[in-house]
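Going from the sequence shown to my numbering is simple: count from 1 and add 41.
A virtual CB, placed ideally from N, CA and C, is assigned to each residue, including glycine.
All figures in this text were calculated on a predicted structure; none of them were measured in a lab.
Let me begin by presenting the structure, written as structure tokens, before commenting on it.
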Amino acid sequence: DIAPTLPMLEAVYADLQQLPAIRVRLRARPSDAGTWSAAAPPEAVRVPHTTHLLDLTPGFAALQSISFSKSTRRNLRLAKRAGLTAMPEDTGAAVETFYRLYLDWSRVRARRRHLPTGLVTAMARRREPEAKIAEVTSRLGEAARIWVVRDQGTPVAAAIGLHHGRTAIHWRAASLRPTPSSKYANVL
């Protein structure tokens, strides 16, 4: 991992200002945010974001005992007992699985909010086209991982994580709760 320098980021901003775009959004790693902010041109709008950092070095068992709340630990046990499984899937089918869950999630939210499902689905497709997700995961290869949670073999949740060096971020997620046991899917 190479930390960006002020001259590097000034060059990035200068390049971005040449784009015929109305708006360009950037999100810096928390460790580099100060440098990005210092390099930003005066007209740049800065929007603060909350970032949660977790050192994974101790391993899952240690993190579970020292970092997870009592209710999260209980929900993990219940998810395991209910037979939910969470596995990374690196195939093209994982994108389709994620996208189907994403659209189903959008429809469920529309019904709960008494909105037209067709309109909400169209908006969801426009906001996050399947081709975009396929392109990102294809180009990033192993740096993009889709985790799928299954309840007795049926996908009930999925999340996409992006990894680079020692940094990983959660990019997108979708979940459904079609069965009593799958209500714990978000914990996994």
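Given this structure, state the Cα-to-Cα distance separating residue i from residue j, to the nearest angstrom.
i: residue 73; j: residue 208; result: 12 Å
i: residue 195; j: residue 174; result: 21 Å
i: residue 52; j: residue 197; result: 44 Å
i: residue 160; j: residue 152; result: 11 Å
i: residue 120; j: residue 100; result: 20 Å
i: residue 122; j: residue 162; result: 34 Å
Of the choices the options, whose alpha-carbon is the least far from that of residue i?
i: residue 88; options: 99, 69, 128; result: 69
i: residue 199; options: 128, 62, 77, 112; result: 128
i: residue 202; options: 185, 215, 163; result: 185
i: residue 85; options: 103, 58, 44, 92; result: 58
i: residue 191; options: 94, 149, 135, 97; result: 135
i: residue 80; options: 107, 183, 55, 146; result: 55
Does the Cβ-Cβ distance between residue i and residue j come in under 8 Å?
i: residue 189; j: residue 138; result: yes
i: residue 165; j: residue 143; result: yes
i: residue 210; j: residue 130; result: no
i: residue 77; j: residue 50; result: yes
i: residue 213; j: residue 169; result: yes
**Q.** Contained beta strand (DSSP E) runs [length at least 3] in the segment 123–159, N- to C-terminal order
**A.** Annotation note: the segment 123–159 contains the following uninterrupted beta strand (DSSP E) runs of length 3 or greater, listed N- to C-terminal: 125–130.
Q: For the segment 160–208, list the beta strand (DSSP E) runs that are entirely contained and at least 3 residues long, ordered along the chain.
A: As far as the segment 160–208 is concerned, its whole beta strand (DSSP E) runs of at least 3 residues are 185–192, 195–205.
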